[in-house]
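This report refers to the structure that appears directly beneath it.
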């Protein structure tokens, strides 16, 4: 789904694991929004970004209301019409090229496929993989043969909402294999020119930060004046080329060692060499950090799913929620002053990790479901 990079990364992780497990199978990774009419394709992502960037209180209220039983029931007729309008070509593709099994990592195709199964024309197994730590009602699918969640709390929530316990699997959010592979921290640090005597802080951007990201980076750089030679920064700007350019120029005016990156394909290495990550609370980002046992300071936490993600990992001791740059600085300073606290956060993160979730989903969910179908794929 182009509405969120995390959903796409999760789908790709499962697809890669399935292709390794079933080399003779045809595994397709499909973005439902590429089948939507042009205006709807753009509107879907634009409307979400508009709300979380400029009207977050509306998003928060809407998220909570629709997560309740009454709000969900009242909203569903409108949601069905909207989904029908933007997925006609997708459903036509499903009818023309029916797969043997569907795995979805976004609530839009989960709802569309569930509706099709209720209508009777889609008769293949459906697995829904929830890519946030809280299973919002939008993910609800009684028609799914399997629902994958990350926590026991998520399982309990689904059971209270009527999902058959036998269909719920507590496995985790799927991530790429790079995050579970051993990394040579010393070699990576040497390649990046890092000082092994400094705390390495990884700062990552996100599509909804809108300026907050750069303020956080500049505030962290200023920490070097207060605590000289204690911190160095790895700054990932993602697809924001303008922010990368501004921060690259900023490096020349600051004393703190700082590496500025754009979009990177080696985030697993950057996490492996870091001592602390300052980031948004997206489900995939949090999951990848946990897999690397990387403590987190979560800033600019948007209401809704990110707030619940952040609250869960903070409650478990693996993260600190710091909405504003000044709070980020306090959190990082405390980690510098109390190494035992940082080590405790690292142990908590490791205890929450599910680095092999993609492989487990294939073995524990997809393979049993495939055996229920007429397909006979050799391993």
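Numbering (the numbering used here), first residue to last: 111 to 489.
Backbone N, C-alpha and C define an ideal beta-carbon position, used for all residues, glycine too.
With C-beta atoms as the reference, is residue i less than 9 Å away from residue j?
i	j	result
residue 285	residue 123	yes
residue 419	residue 216	no
residue 311	residue 385	yes
residue 381	residue 402	yes
residue 131	residue 472	yes
residue 283	residue 393	yes
residue 172	residue 160	no
residue 377	residue 355	no
residue 251	residue 239	no
residue 358	residue 116	no
residue 235	residue 480	yes
residue 464	residue 400	yes
residue 360	residue 327	yes
Hey, could you find the ends of the alpha helix (DSSP H) residue i is sitting in?
i	result
residue 322	322-336
residue 241	Here residue 241 belongs to no alpha helix (DSSP H), and DSSP marks it neither H nor E.
residue 223	217-229
residue 201	198-206
residue 162	148-164
residue 267	262-270
residue 344	Where residue 344 is concerned, there is no enclosing alpha helix (DSSP H), although the beta strand (DSSP E) it sits in stretches over 341-346.
residue 490	This structure cannot settle anything about residue 490, because the visible part of the chain is limited to 111 through 489.
residue 298	295-302
residue 479	477-482
residue 453	449-462
Quick one, which of the options has its alpha-carbon nearest residue i's?
i	options	result
residue 218	145, 149 and 165	145
residue 315	309, 308 and 323	323
residue 180	465, 444, 115 and 271	271
residue 350	373, 467 and 297	373
residue 368	400, 379, 330 and 405	330
residue 198	233, 240 and 147	147
residue 412	133, 121, 166 and 249	166
residue 184	209, 247, 143 and 334	247
residue 452	138, 468 and 387	387
residue 193	154, 213 and 229	154
residue 207	140, 441 and 288	140
residue 404	435, 410 and 427	427
residue 475	135, 231, 150 and 255	255
residue 158	414, 449 and 278	414
residue 191	222, 295 and 204	222
residue 143	242, 203 and 187	203
For the beta strand (DSSP E) that residue i lies in, which residues bound it at each end?
i	result
residue 359	Careful: residue 359 lies outside any beta strand (DSSP E), inside the alpha helix (DSSP H) at 351-361.
residue 279	278-280
residue 256	256-259
residue 371	368-371
residue 312	309-314
residue 124	Segment 115-131 is the alpha helix (DSSP H) holding residue 124; no beta strand (DSSP E) there.
residue 471	Not the beta strand (DSSP E): residue 471 falls in the alpha helix (DSSP H), residues 467-471.
residue 212	212-214
With a 10 Å radius around its C-beta and 16 neighbouring C-beta atoms as the bar for buried, classify residue i as buried or exposed.
i	result
residue 127	buried
residue 211	buried
residue 119	buried
residue 416	buried
residue 337	exposed
residue 260	buried
residue 435	buried
residue 175	exposed
residue 469	buried
residue 333	buried
residue 305	exposed
residue 224	buried
residue 264	buried
residue 125	buried
residue 121	buried
residue 446	buried
residue 227	buried
residue 342	buried
residue 365	exposed
residue 478	exposed
residue 231	exposed
residue 389	buried
Under a CB-based cut-off of 9 Å, is residue i close to chain B?
i	result
residue 227	Checking the listed chains, one finds no chain B in this structure; it contains a single protein chain.
Whole runs of the beta strand (DSSP E) within the stretch 374-442, excluding any shorter than 3 residues: 386-389, 406-408 and 429-431
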